[in-house]
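If you're matching positions, the sequence shown starts at 890 in this note's numbering and goes up one per residue.
Some notes on the structure that comes next.
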Amino acid sequence: TADGQIIEGDVFLFLIMNSGTVGGFPRLVPFAQIDDGKLDLLIINKCNLSELMSLFFSFLKGIHYTSKHVTYLQAKKIYIECAEELQSDLDGELGPNLPLHVEVVPGKIKFFCI
890 TADGQIIEGD
900 VFLFLIMNSG
910 TVGGFPRLVP
920 FAQIDDGKLD
930 LLIINKCNLS
940 ELMSLFFSFL
950 KGIHYTSKHV
960 TYLQAKKIYI
970 ECAEELQSDL
980 DGELGPNLPL
990 HVEVVPGKIK
1000 FFCI
């Protein structure tokens, strides 16, 4: 769910982020803003290998939003669950098993520059 909106389907990959650049893809979510109080959810639905290759090239060009296999949403609260046991990945590190609840909490992290 994303802010209560239920999204169901066979998903290949989902990314929850708060930045437009992820994993070396500079235009993954070009309209993401760190300070908008929302998370960006990018869902890649299950597809066959040729569709996946085509989708990869559309990511490189920054035109992946035109694909029927891609869903993009913004939300303050995201809840992800899976019918089978699945472990999450948090920026390359092993994360907790699903279900996963992610929420924007404004002002909770303080940064200090020296």
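Virtual Cβ for every residue (Gly too), placed ideally from N, Cα, C.
Values in this document were obtained by computation on a predicted structure and should not be read as measured data.
The C-beta distance from ILE932 to VAL900 rounds to 6 Å, short enough to fall under 8 Å. Nearest Cα to ASP929 within the set ASN937, LEU941, ILE905, HIS958: ILE905.
According to DSSP, residue pairing for ILE896 in a beta bridge does not occur. Across the set GLY996, ALA972, PHE1000, the C-alpha of GLY996 shows the shortest separation from the C-alpha of ASP925.
Nearest to SER908 by C-alpha distance, out of PRO919, SER977, GLY898, is PRO919. Residue nearest to PHE948 within the set GLY913, ALA972, GLU992, GLN963 is GLY913 (criterion: CA-CA distance).
Within its own chain, the residues whose Cβ lies closer than 6 Å to the Cβ of LYS935, once the five positions on either side in sequence are excluded, are ASP899, PHE901, listed in chain order. Put simply, the backbone Cα of LEU962 is about 36 Å away from that of ILE1003.
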